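Chains as they are written, first to last, in this note's numbering: chain U, 1 to 296; chain L, 1 to 296. Glycine included, every Cβ here is placed at the ideal spot set by N, Cα and C. Keep in mind it's a predicted model, so treat the numbers as computed, not measured.
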DNA sequence: GGGTGTCAATATAGTTTCTATACGTACTTT
DNA sequence: AAAGTACGTATAGAAACTATATTGACACCC
């Protein structure tokens, strides 16, 4: 018996999945596609294709004039569950320059582009050191460039988690100087050094641990039909959706969705949703900003 | 000679890269990690580890008491170029629910969370049909729910590209009815049918093809030190950066960066950047909205 | 309309990789 | 001291893969 559940080796399974992926999303593939991506010999690629044909005879057929294998009319994937959001996520990664197209299984895509957003890249050595510090529950001294002070300064922090506002990642950490938990944007780390006992345990970061259910509803000025569309856009059941948000991410969440001000005042054409539990959210927002320094 | 450049088979190379990945980002790994992920036998995993040790003796050492292989102090990756943004991108994909954690090479991550954004998922069958239509340069009839009309309606479009505002993907297509190119949000597609000659060639979509260089500069109200930080955040050289943006994505770009109104009027604490070439951008924006229907 | 190039199928022999199994070692835990 | 765990090594045999060569179908091009 093989260690693998399927009885097929990992490499083979990957190639069969690759064949199916190409057939599903691009409608066709070549023997050469397989040899190029996996570096196998031509006969081996032939072998994989006939193997796939045996396993899924209704999925694939060879077009002699096109000299390519085509997906049949009633194609039914057996190796993968097609996921459009995953496909699109790959497109975005390529467009953002974070994933080389060659390393994906995509080759024959249409023209595409994700809205460009210039951002400084994060230094891998710095992220690596932060991850190690979090893992080992230690503290570290960082050379950090904050927006409030002109010059970067050295300070001790005890990091415990990573958070993102959708664009940029920050590390959630206890600042030894101010004795509170704060967000430190990864691109603003200039250097790191040292290693010491932690300044506070991760559990002490209540703002990070606590969640609030933000209720979103369609903008009241929208017509009934429009409200239905917006409800669908956001996956609402009925005409509202509850989104659990960490207090530590609530500021970013409200800002991103333009819910930090009076969303109802903005024209419904631009602002599709408003808060359903404004008072609760405002209260939570206030709580998230009122941190009292830990006693030393 | 092998087909592979490295002389090592694809499967083996993947495992060696896996070992290195774990050592770099997580600092340690097990024989069991390899057998679990790749489904190879225990001796094979041992073999891979000793092979890696041979190839990179200074990178790895076995900790007998920990019963794990640890990355050495002066670890130097030889199989992969570590990329922090790629690592973080994987975290985001996991957090967004678009990538199962098991399918990544990550296992021992810190706590993390990317800001949640509720969105309707895209139907893979619909995306697949659209991709095929674009590939074959055909037109298709779509059942589309727009925001402006209460009920979804059927209409013919000729799609030619995919675009994203950073959150949602749309297809860029020629609308046969209005005879102009428009964006159709993928989550709003309800159904598809038919197949016909195209209504217009992709080249006719000038708004898609044309780019404008948007110049971003730090908010003038910021102090000198703050401007420097913002410049770093956005990867500016000097104190400005030129971002080439398709006219078809310009609206989303300005809206996302809060540059659609008078950015200078907003408090610099919230609004870090403003436009450096406002007049050009406004003109381009106007152009992107003034589409005249194609003659029939 | 026949030469030429391309891509796929098939066959054979030899090599590499991998599995299954078994046994031994070092260290930790109870 | 005994049990448990993770790693290492060795062996035989199975599976996967390569290199090479031959054949066939089709498109393209003077």
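Contacts with chain L (Cβ-Cβ distance below 7 Å) from the region 247–269 of chain U involve 249, 252, 253, 256, listed in chain order. Only residues of its own chain outside the window of five on either side were considered, and among them none has a CB closer than 6 Å to the CB of residue 280 of chain U. Note on the region 123–171 of chain U: whole beta strand (DSSP E) runs with a minimum of 3 residues are 139–144, 153–164, in chain order. Between residue 116 of chain U and residue 243 of chain L, the C-beta spacing is below 7 Å.
Going by DSSP, residue 280 of chain L is part of the alpha helix (DSSP H) stretching over 278–289. Spatial neighbours of residue 99 of chain U in its own chain (CB-CB distance under 6 Å, excluding positions within 5 residues in sequence) are listed in chain order as 93.
Relative to residue 13 of chain U, the option among L:146, L:161, L:37, L:182 whose CA is nearest is L:37. The Cβ of residue 84 of chain U sits closer than 7 Å to at least one Cβ of chain L. By the criterion of at least three beta-carbon pairs nearer than 8 Å, the region 193–212 of chain L is in contact with the region 237–256 of chain L. Membership of residue 268 of chain L in any alpha helix (DSSP H) is not indicated, and neither H nor E is assigned to it by DSSP.
For residue 42 of chain L, the three-state secondary structure derived from DSSP is helix. Less than 7 Å divides the Cβ of residue 226 of chain L from the Cβ of residue 147 of chain U. In the DSSP assignment, residue 246 of chain L falls within the beta strand (DSSP E) that extends over 241–246. Nearest CB-CB separation between residue 201 of chain L and chain U: not below the 7 Å threshold. If you compare the alpha carbons of U:118, U:16, U:44, U:19 with that of residue 9 of chain L, the shortest gap goes to U:44. For residue 224 of chain U, the uninterrupted alpha helix (DSSP H) segment begins and ends at 224–233. For residue 89 of chain U, the closest Cβ of chain L is nearer than 7 Å. Across the region 224–239 of chain L, CB contacts with chain U closer than 9 Å involve 224, 225, 226, 228, 229, 230, 232, 233, 234, 235, 236, in sequence order along the chain.
When the Cα atoms are used, residue 233 of chain L and residue 165 of chain L turn out to be separated by approximately 20 Å. Within chain U, the residues whose beta carbon sits less than 7 Å from that of residue 169 of chain L are 88, listed in sequence order.
In the three-state reduction of the DSSP assignment, residue 194 of chain L falls in the strand class, which pools E and B. At a Cβ-Cβ threshold of 7 Å, residue 15 of chain L and residue 48 of chain L count as neighbours. Here residue 126 of chain U really is in contact with residue 192 of chain U; their C-beta atoms are around 6 Å apart, less than 8 Å.
Taking 7 Å as the CB threshold, residue 120 of chain U lines the interface with chain L. Residue 174 of chain L has a beta carbon lying at 7 Å or more from every beta carbon in chain U.
Its Cα nearest to that of residue 212 of chain L, the residue L:254 stands out among L:137, L:61, L:254. Of L:69, L:85, L:178, the smallest CA-CA separation from residue 119 of chain U is found for L:85.
Counting only runs of 3+ residues, the beta strand (DSSP E) found wholly inside the region 44–111 of chain L occupies 60–63, 68–71, in chain order. Using a Cβ-Cβ cut-off of 7 Å, residue 145 of chain L counts as an interface residue toward chain U, since at least one Cβ of chain U sits closer than that to its own. Identification of residues in the region 123–135 of chain L having a C-beta nearer than 9 Å to some C-beta of chain U yields 123, 124, 125, 126, 127, 128, 130, 131, 132, 134, 135, given in sequence order. Contact note: residue 151 of chain L reaches chain U through 225, using a C-beta cutoff of 9 Å and chain order.
Residues of the same chain with their beta carbon placed closer than 8 Å to that of residue 278 of chain U are lacking, with the five preceding and five following residues left out of the count. Sorting U:132, U:105, U:265, U:273 by C-alpha distance to the C-alpha of residue 256 of chain U places U:273 at the top. Of the residues assessed, residue 236 of chain U falls on the buried side of the cut-off, its CB having 16 or more other CB atoms within 10 angstroms. Not flagged as an interface residue toward chain U: residue 178 of chain L, since no C-beta distance is shorter than 7 Å. A distance below 7 Å between beta-carbons, with the five flanking residues on each side excluded, links residue 240 of chain U to the following residues of its chain, in chain order: 215, 216, 217, 276.
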